[in-house]
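A.B. asks:
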Amino acid sequence: MIHLECMVWRGGLPSSIIKGPSVLEEVGKDWPPFSREPPGGARGPSGRLGALPVGGARTRPAAARPALSGRRGSNQRDGGSRPDAQRRSFRAEPGARGRPRSPATLAALGAEDAREGGMLPAGQTGEGPATPGCSEGGDERKNVEEKSDINIAALVGNEQVSEVTDNGDLSSYVSAFIEKEVGNDLKSLKKLDKLIEQMTENKMQLEEQASLCSVWAQVLTISSEIPKRIQNALKNAEESKQFLNQFLDQETHLVSSINSHLLTAQPWMEDLGAMINQIEEIERHLAYLKWISQIEELSDNIQQYLMTNNVPEAASTLVSMAELDIKLQESSCTHLLGFMRATVKFWHKILKDRLTSDFEEILAQLHWPFIAPPQSQTVGLSRPASAPEIYSNLETLFCQLLKLQTSDELLTEPKQLPEKYSLPASSSVILPIQIMLTPLQKRFRYHFRGNRQTNVISKPEWYLTQVLMWIGNHTQFLDEKIQPILDKAGSSANAMLEFSRGLMMLVLEKLAADIPCLLYDDNLFCHLVDEVLLFERELHSVHGYPGTFANCMHILSEETCFQRWLTVERKFALQKMDSMLSSEAAWISQYKDITDVDEMKVPDCAETFMTLLLVITGKYKSFKIKLCLKNRYKNLPTASRKLQFLELQKDLVDDFRIRLTQVMKEETRASLGFRYCAILNAVNYISTVLADWADNVFFLQLQQAALEVFAENNTLSKLQLGQLASMESSVFDDMINLLERLKHDMLTRQVDHVFREVKDAAKLYRKERWLSLPSQSEQAVMSLSSSACPLLLTLRDRLLQLEQQLCFSLFKTFWQMLVEKLDIHIYQEIILANHFNEGGAAQLQFDMTRNLFPLFSHYCKRPENYFKHVKEACIILNLNIGSALLLKDVLQSTSEQPPATAALNEIGIYKLAPQDVEILLNLRTNWPNTGK
1 MIHLECMVWR GGLPSSIIKG PSVLEEVGKD WPPFSREPPG GARGPSGRLG ALPVGGARTR
61 PAAARPALSG RRGSNQRDGG SRPDAQRRSF RAEPGARGRP RSPATLAALG AEDAREGGML
121 PAGQTGEGPA TPGCSEGGDE RKNVEEKSDI NIAALVGNEQ VSEVTDNGDL SSYVSAFIEK
181 EVGNDLKSLK KLDKLIEQMT ENKMQLEEQA SLCSVWAQVL TISSEIPKRI QNALKNAEES
241 KQFLNQFLDQ ETHLVSSINS HLLTAQPWME DLGAMINQIE EIERHLAYLK WISQIEELSD
301 NIQQYLMTNN VPEAASTLVS MAELDIKLQE SSCTHLLGFM RATVKFWHKI LKDRLTSDFE
361 EILAQLHWPF IAPPQSQTVG LSRPASAPEI YSNLETLFCQ LLKLQTSDEL LTEPKQLPEK
421 YSLPASSSVI LPIQIMLTPL QKRFRYHFRG NRQTNVISKP EWYLTQVLMW IGNHTQFLDE
481 KIQPILDKAG SSANAMLEFS RGLMMLVLEK LAADIPCLLY DDNLFCHLVD EVLLFERELH
541 SVHGYPGTFA NCMHILSEET CFQRWLTVER KFALQKMDSM LSSEAAWISQ YKDITDVDEM
601 KVPDCAETFM TLLLVITGKY KSFKIKLCLK NRYKNLPTAS RKLQFLELQK DLVDDFRIRL
661 TQVMKEETRA SLGFRYCAIL NAVNYISTVL ADWADNVFFL QLQQAALEVF AENNTLSKLQ
721 LGQLASMESS VFDDMINLLE RLKHDMLTRQ VDHVFREVKD AAKLYRKERW LSLPSQSEQA
781 VMSLSSSACP LLLTLRDRLL QLEQQLCFSL FKTFWQMLVE KLDIHIYQEI ILANHFNEGG
841 AAQLQFDMTR NLFPLFSHYC KRPENYFKHV KEACIILNLN IGSALLLKDV LQSTSEQPPA
901 TAALNEIGIY KLAPQDVEIL LNLRTNWPNT GK
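Numbering (full-length UniProt numbering), first residue to last: 1 to 932.
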């Protein structure tokens with residue numbers, strides 16, 4: 001109802017929705033029977049209240065008004081106004097409490113608030129503006145007017161109540177209300193609780209309805225703005241549509257104008273394009289003619305310089321012409337390029353021939369080449385007066401030839417070997433050095449090509465040695481005379497390296513021609529490899545030839561040749577291993593008579609094998625250990641080739657280990673024999689050397705290369721790759737582990753053998769009468785037990801024997817392993833298996849501390865520390881009676897471990913547990929009779 005009334009006030013609902021008179025009749029039920037006529041002048045001419053403002057009546061929520069049906073009285077009639085708080089100080093009439101307000105009542109209140117909020121005064125006629133909202137028909141307007149009349153009637157009653165409450169006491173109004181509801185009948189007082197409860201419920205309902213009315217008022221306010229926004233949006237859209245149509249019209253006009261202009265300009269464009277093409281073609285012709293003119297100009301200049309004998313300027317001009325040739329390399333004018341190249345070639349040949357003849361005359365005066373040793377190289381300069389002039393001419397001609405280097409590189413292709421040799425890319429040798437190498441090249445081809453007696457395929461050392469001699473003979477002259485000229489000319493070339501490069505190409509060509517002829521002759525091929533390795537070694541170490549330049553190792557690294565090389569190395573290494581293992585002196589050390597050198601006691605077969613491993617073929621025994629294996633393959637050009645040699649080396653180590661194992665098994669019955677110990681020394685020596693090699697820089701580099709190869713091929717697990725990368729493992733770890741296992745097995749076998757002998761010798765000592773031996777006080781001097789002599793003699797003899805046959809590190813490991821087993825045996829089989837009186841305990845301690853322990857004093861300072869069980873057992877057995885009783889009481893009475901451990905530590909017991917100490921105390925028989 002409240003919602004409908006509010007919408008009627010705002011003119012927002014049609015009259016068809018408003019309820020009929022049945023709703024309006026409820027007004028009379030809600031209020032006491034006061035007069036329904038409003039005060040004079042409250043109704044307008046149309047019978048309605050004054051019209052509400054555009055925003056609707058300013059209705060206050062129920063919670064904000066203390067009373068809903070109160071009304072101003074005398075102040076309204078007097079035309080005055082009281083403060084808002086005073087105007088709201090009235091109370092609701094009794095008859096209204098607990099009853100819900102009807103829609104007509106709310107409409108009347110709305111009209112009242114409208115007047116308070118700035119509407120016309122109550123005494124004036126309502127001639128204000130019409131109610132906002134949609135215009136309605138006559139029927140709707142009539143219904144609204146009737147509804148307003150009813151609301152005003154309710155409002156008049158409220159005003160009368162207000163007058164009563166304003167003019168009289170509130171108590172009189174309340175009395176009247178109670179009089180009406182209760183009367184004089186005291187029994188009617190029972191209705192008060194029900195009446196109060198009903199009025200409270202009505203109040204709460206009215207407050208909720210007022211709140212909903214306020215919300216609806218806000219919603220209607222907002223909804224009233226939506227049509228305006230929609231209207232504005234439609235207006236904007238219409239304007240945008242008009243602008244778009246204008247733009248489309250302009251676009252159509254422009255497109256038609258452009259098409260018309262293009263049609264008009266098309267003939268002009270065709271004519272202009274043809275003219276541009278002609279101009280471009282003429283420009284190309286002009287540029288072509290300019291290039292030809294420039295080439296001819298340079299050519300004429302060279303001709304003029306040569307006619308005036310100005311060779312330096314002619315050479316400089318040829319350099320400019322060669323640079324132009326280089327610039328034209330990207331051009332597609334083949335005829336121009338051909339003309340340019342032909343011109344450069346023509347003048348280059350003329351200048352080169354002229355300068356070469358003059359340069360060779362100067363070299364002839366210097367007796368070049370120097371075939372004799374360096375001491376006689378100044379024979380040609382017998383006249384000191386001519387020497388400065390000769391060297392001046394040498395410098396001049398050398399610089400002029402050096403200028404021809406650019407054109408020479410354009411015209412001359414350097415000699416290249418087949419790609420299968422994978423030679424590094426390099427520039428050609430500088431032109432002056434080429435001319436200086438010409439007589440040497442002729443000599444080399446004369447002697448080592450064709451059917452000459454010096455060209456013997458089985459003697460590669462002849463031409464290799466000859467090349468080394470030529471390099472050595474000319475080093476001084478090149479460094480002292482030629483290198484300053486290059487430095488003065490600003491060239492970065494090194495005279496010695498250029499000279500060596502030229503000679504090295506002769507060697508490479510010779511090797512490439514000879515190797516296929518002797519590839520399947522093992523002896524000749526092996527000899528060739530040895531000579532080449534020696535040649536490379538001297539070339540790099542003595543003459544400083546860089547490993548990055550082309551060298552003989554590139555020829556040997558060719559796939560077919562390299563595989564053959566590995567096969568030959570393996571074959572000769574296995575043959576050498578067979579011969580040295582079958583030698584009579586295979587197990588004898590070469591340095592047995594030299595104590596300082598023979599610390600490792602290495603047998604001859606092991607040392608020969610390591611030398612063989614270092615030099616692969618065993619040809620260079622004179623190098624011994626100082627010649628590392630890497631000298632044979634460290635100069636290989638690629639890491640993959642080096643790794644293949646490393647695998648060969650590891651295979652040989654494994655093969656030698658297997659052979660040692662086979663020989664060892666034959667000597668198992670004599671595990672203390674000389675040959676068995678020699679095998680053990682050999683295994684230890686090889687393992688030690690491989691461990692030292694693992695820290696060598698060369699093998700660390702190979703380890704890094706192997707890491708890269710394994711990572712690419714996924715042949716190792718991530719853990720193994722991580723160990724290689726962190727240097728926790730080495731390339732020889734697999735071999736070292738196998739050798740260490742073999743060494744441990746052989747040592748264990750020796751220890752077991754000696755221990756069995758010692759245990760057999762200790763049988764009598766174990767059966768000694770320890771219960772009946774005399775005490776120390778009954779003997780004048782303590783002496784060794786006779787039954788212990790076999791034990792100690794056997795132990796002494798075996799220690800001396802193995803000390804002489806094993807190296808120091810092996811013997812140390814041996815006796816420590818033996819002592820560990822002997823300590824346990826004596827403790828378990830002798831001490832724990834017997835009972836001891838005072839004399840027996842003293843005798844045991846004397847035998848151990850004065851006879852057994854000193855046998856090992858030559859090998860360590862405190863041997864008793866290795867016999868911890870025996871030493872501590874002797875301490876327990878030899879405690880005096882009082883200390884033993886106290887210790888026994890401590891061990892038996894204390895349930896906690898720390899006090900017992902502390903007591904044992906005080907007497908020097910650290911190894912034995914308290915339970916073991918109690919067992920040892922029970923083995924004593926010299927306890928006093930305590931009556932227990």
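From the three backbone atoms N, C-alpha and C, an ideal C-beta is built for every residue, glycine too. All figures in this text were calculated on a predicted structure; none of them were measured in a lab.
(1) With I875 as the anchor, note down where its alpha helix (DSSP H) starts and where it stops.
(2) With a Cβ-Cβ cutoff of 7 Å, do S787 and L764 count as a contact?
(3) Select from V602, F656, Q649, R741 the residue whose C-alpha is nearest the C-alpha of F699.
(4) Please specify which runs of the alpha helix (DSSP H), each continuous and at least 4 residues long, are wholly inside the segment 418-476, giving them in chain order.
(5) Could you have a look at residue 934 and say whether DSSP puts it in helix, strand or coil?
(6) Give a yes or no on contact between the segment 335-343 and the segment 416-431, applying the rule of three or more CB pairs nearer than 8 Å.
(7) For the pair the segment 514-526 and the segment 559-569, tell me if three or more CB-CB distances fall below 8 Å.
(8) Any idea what DSSP makes of F656, helix, strand or coil?
(9) Return the first residue and the last residue of the alpha helix (DSSP H) that M746 is part of.
(10) How should A833 be labelled, buried or exposed, when 16 other C-beta atoms within 10 angstroms of its C-beta is the threshold for buried?
(11) Among the candidates C807, E313, F525, Q779, whose CA atom is the shortest distance from the CA of N684?
(12) Short check: CB of K345 to CB of L298, under 7 Å?
(13) Where does R862 sit, in a helix, a strand or coil, going by DSSP?
(14) Taking all protein chains shown into account, decide if Q76 is buried (16 or more other Cβ within 10 angstroms of its Cβ) or exposed.
(15) Can you tell me whether D604 is buried or exposed, with buried defined as 16 or more other CB within 10 angstroms of its CB?
(16) Relative to the ligand HEM, is the shortest distance from any of its heavy atoms to the C-beta of F398 smaller than 6 Å?
(17) By how many angstroms is the C-alpha of N236 removed from the C-alpha of H253?
(18) Please report how far the alpha carbon of Q892 lies from the alpha carbon of G840, in whole angstroms.
(19) Tell me which same chain residues have a C-beta within less than 8 Å of the C-beta of A900, skipping the five on either side of it?
(20) Take the Cβ of R924 as the centre, count every other Cβ of all protein chains shown within 10 Å, and call the residue buried at 16 or more, exposed below.
(21) Does the segment 740-753 touch the segment 822-831, meaning 3 or more C-beta pairs lie closer than 8 Å?
(22) Using 8 Å as the cut-off, can you tell me whether the segment 489-506 makes contact with the segment 538-549, which would need three or more C-beta pairs spanning the two stretches below that distance?
(23) Using the three-state DSSP reduction, which class does F836 fall into: helix, strand or coil?
(24) To the nearest angstrom, report how far apart L680 and A606 are at their CA atoms.
(25) Between which two residues does the alpha helix (DSSP H) harbouring M553 extend?
(26) Anyone know if the C-beta pair for Q701 and V731 falls short of 7 Å?
(27) Strictly by DSSP, which residues pair up with R924?
(28) So what does DSSP say about P388, is it helix, strand or coil?
(29) With DSSP collapsed to three states, give me the class of N301.
(30) With a threshold of 16 other CB atoms inside 10 Å of the CB of K241, please say whether the residue is buried or exposed.
(31) Assuming I435 and T356 form a contact by the criterion Cβ under 8 Å, report the distance between their Cβ atoms to the nearest whole angstrom.
(32) Using alpha carbons as the reference points, say which of K415, I881, W815 lies closest to F856.
(33) In angstroms with no decimal places, state the Cα-to-Cα distance between R43 and Q205.
(34) Nearest CA to the CA of E538: which residue from R570, L464, D479, G490?
(35) Does DSSP put A780 in a helix, a strand or coil?
(36) For E490 and T406, what's the separation of their Cα atoms in angstroms?
C.D. replies: Considering the structure as presented:
(1) One-based indexing of the sequence shown puts residue 875 at position 875. Start and end: 868-877.
(2) In the sequence shown, counting from the first residue as 1, residue 787 sits at position 787. In the sequence shown, counting from the first residue as 1, residue 764 sits at position 764. Taking 7 Å as the Cβ cut-off, S787 and L764 qualify as a contacting pair.
(3) By one-based count along the sequence shown, residue 699 stands at place 699. The residue with the shortest Cα to Cα distance from F699 is Q649.
(4) Fully enclosed alpha helix (DSSP H) runs of 4 or longer: 431-448.
(5) Not covered by the structure: residue 934. The range shown for the chain is 1 to 932.
(6) no
(7) Result yes; three or more Cβ-Cβ pairs closer than 8 Å.
(8) Position 656 of the sequence shown, counted from the start, is the residue given in the question as residue 656. Note: F656 maps to helix in three-state DSSP.
(9) Here residue 746 is taken as the residue at index 746 of the sequence shown, counted from 1. Taken as a continuous stretch (DSSP letters only), the alpha helix (DSSP H) holding M746 covers 733-761.
(10) In the sequence shown, residue 833 corresponds to position 833, counting from 1. Around the beta carbon of A833, fewer than 16 other beta carbons sit within 10 angstroms, so the residue counts as exposed.
(11) Numbered from its first residue, the sequence shown carries residue 684 at position 684. Per the Cα distances, C807.
(12) Mapped onto the sequence shown, residue 345 falls at position 345. Mapped onto the sequence shown, residue 298 falls at position 298. No, they are not a contact pair.
(13) To locate residue 862, count along the sequence shown from 1; it is residue 862. Three-state result, R862: coil.
(14) Taking the sequence shown and counting its residues from 1, one reaches residue 76 at position 76. Legend: pLDDT at Q76 = 38, less than 50; position of this residue unreliable, no value from coordinates given.
(15) Stepping through the sequence shown from its first residue, residue 604 is reached at position 604. Classification for D604: buried.
(16) This structure lacks the ligand HEM, and indeed carries no ligand of any kind.
(17) Counted from its first residue, the sequence shown places residue 253 at position 253. Counted from its first residue, the sequence shown places residue 236 at position 236. In a straight line, the C-alpha of H253 is about 26 Å away from that of N236.
(18) In the sequence shown, counting from the first residue as 1, residue 892 sits at position 892. In the sequence shown, counting from the first residue as 1, residue 840 sits at position 840. Whole-angstrom Cα-Cα distance: 25 Å.
(19) Taking the sequence shown and counting its residues from 1, one reaches residue 900 at position 900. Hits under 8 Å: V890, L891, T894, P914.
(20) Within the sequence shown, residue 924 is the residue found at index 924, counting from 1. Flag for R924 reads buried.
(21) no
(22) yes
(23) Mapped onto the sequence shown, residue 836 falls at position 836. DSSP places F836 in strand when its eight states are reduced to three.
(24) Counting from 1 along the sequence shown, the entry for residue 680 is found at position 680. Counting from 1 along the sequence shown, the entry for residue 606 is found at position 606. Going from the Cα of L680 to the Cα of A606 covers about 10 Å.
(25) Locating residue 553 in the sequence shown gives position 553, counting from the first residue. 552-556 is the span of the alpha helix (DSSP H), which, as asked, contains M553.
(26) Here residue 701 is taken as the residue at index 701 of the sequence shown, counted from 1. Here residue 731 is taken as the residue at index 731 of the sequence shown, counted from 1. No, the Cβ-Cβ distance between Q701 and V731 is not below 7 Å.
(27) Here the question's residue 924 lines up with position 924 in the sequence shown. The partner list for R924 (beta bridge, DSSP) reads F836.
(28) Counting from one through the sequence shown, the residue named residue 388 turns up at place 388. DSSP places P388 in the helix class (H, G or I) of the three-state scheme.
(29) Position 301 of the sequence shown, counted from the start, is the residue given in the question as residue 301. In this structure, N301 counts as helix in the three-state DSSP scheme.
(30) To locate residue 241, count along the sequence shown from 1; it is residue 241. The residue in question, K241, is exposed, as its Cβ has fewer than 16 Cβ neighbours within 10 Å.
(31) As a first step, residue 435 is located in the sequence shown; it is residue number 435 there, counting from the start. As a first step, residue 356 is located in the sequence shown; it is residue number 356 there, counting from the start. About 6 Å; that satisfies the 8 Å criterion.
(32) As a working mapping, residue 856 is identified with position 856 in the sequence shown. Minimum Cα distance to F856 is reached at W815.
(33) On the sequence shown, position 43 is the one that residue 43 refers to. On the sequence shown, position 205 is the one that residue 205 refers to. Because R43 sits at a pLDDT of 39, beneath the cut-off of 50, its placement in the model cannot be relied upon, and the following sentence gives the value as read from the coordinates. Approximately 30 Å, taken between the alpha carbons.
(34) Sequence index remark: in the sequence shown, residue 538 carries index 538 (1-based). Put simply, of R570, L464, D479, G490 the residue whose alpha carbon is nearest the alpha carbon of E538 is L464.
(35) As a working mapping, residue 780 is identified with position 780 in the sequence shown. A780: coil per DSSP, three-state reduction.
(36) The residue labelled residue 490 in the question sits at position 490 within the sequence shown. The residue labelled residue 406 in the question sits at position 406 within the sequence shown. The sequence as given places Gly at residue 490; Glu does not occur at that position. Each residue's CA atom was taken as its position, placing G490 and T406 some 15 Å apart.
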